[in-house]
Amino acid sequence: MTDVNLQFPGVLGVSHRMKEIARLLVLVAPSDATVLLLGETGTGKELVAQAIHMNSPRRQGPFIVVNCAALPETLLESELFGHEKGAFTGATAKKEGRFLLAHHGSLFLDEIGELQPSTQAKILRVLQNREFEPLGSTRTIKVDVRIIAATNRNLETMVQQGTFRDDLYYRLHVFPITLPALRQRLDDLPLLADFFLQRYRDKYQRPIQSLAPEVLQAFRRYSWPGNIRELENTLERGVI
Numbered sequence: 003m004t005d006v007n008l009q010f011p012g013v014l015g016v017s018h019r020m021k022e023i024a025r026l027l028v029l030v031a032p033s034d035a036t037v038l039l040l041g042e043t044g045t046g047k048e049l050v051a052q053a054i055h056m057n058s059p060r061r062q063g064p065f066i067v068v069n070c071a072a073l074p075e076t077l078l079e080s081e082l083f084g085h086e087k088g089a090f091t092g093a094t095a096k097k098e099g100r101f102l103l104a105h106h107g108s109l110f111l112d113e114i115g116e117l118q119p120s121t122q123a124k125i126l127r128v129l130q131n132r133e134f135e136p137l138g139s140t141r142t143i144k145v146d147v148r149i150i151a152a153t154n155r156n157l158e159t160m161v162q163q164g165t166f167r168d169d170l171y172y173r174l175h176v177f178p179i180t181l182p183a184l185r186q187r188l189d190d191l192p193l194l195a196d197f198f199l200q201r202y203r204d205k206y207q208r209p210i211q212s213l214a215p216e217v218l219q220a221f222r223r224y225s226w227p228g229n230i231r232e233l234e235n236t237l238e239r240g241v242i
């Protein structure tokens, strides 16, 4: 990708689209700005979030990941903000939330478009004031956290439909980066395919040196709806 690869070794690409992504990462990573990663599922948003953190002044701090779509709203609030013992049924002990665990580091909020309105409001407060209250508590906790958010949904449309808060959207939309789908960066396909081939050749101890030209041609003709994640799974299955 040029010498930027020395700083972002996991962000692979030689295409024009990926060189532009690298340029944006060089600009934003050293700052403390909130970053919103946009793009289809499987385009590598978490990998880019890790690259931003590892090239920031917070690199010695924690990098905490929350998948906002993986938990129901009540459990998600507990995961984000923590809770006191007895705050709800089943809360048998005090628990620290992800915001506190990410203190002096970065918090990656994946699938942020799946948040319910009440949780959106609480996250907005943290972004505005850098403080929150754990569930079942009246104490206010101050945190120093960089937010990196990601979604495969169109947040602008959700704002217009009233399903995503406009004030939270503008707080998140400080430095947006849209990751291209794999079909939009086919020049990177041989590099990515070789990377995954080597990874799984070594893992499974298979004597495979390279992909046949006809395989790469078939890869180029395919639309890859699952993007890089689908390519990786395909190569792992093929090596096995």
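Per the numbering used here, numbering of the sequence shown is gapless, rising by one per residue and ending at 242.
Using N, Cα and C, we set each Cβ at its ideal position, and we do this for glycine too.
Check	Outcome
Whole-angstrom distance between Pro136 and Thr76, CA atom to CA atom	12 Å
Classification of Lys21 by the beta-carbon crowding that lies within 10 angstroms, buried from 16 upward	exposed
Contact under 8 Å by Cβ, Val147 with Phe83	no
Reference Tyr171; option with closest CA among Pro215, Glu86, Gln130, Gly138	Gln130
Member of Val50, Ser120, Ala220 whose CA lies at the smallest distance from the CA of Phe65	Val50
Outcome for Val30 when other beta-carbon atoms lying within 10 angstroms are tallied against a minimum of 16	buried
For Ile150, the three-state DSSP class (helix, strand or coil)	strand
Reference Ile230, options Leu181, Lys205, Thr142, closest by Cα	Leu181
Beta-carbon proximity of Ala123 to Arg167, cut-off 8 Å	yes
Contact set for Arg203: own chain, Cβ-Cβ below 7 Å, skip 5 residues either direction	Ile210, Val241
Rounded separation between Asn69 and Leu117 - CA only	10 Å
Straight-line Cα distance separating Thr36 from Arg222	35 Å
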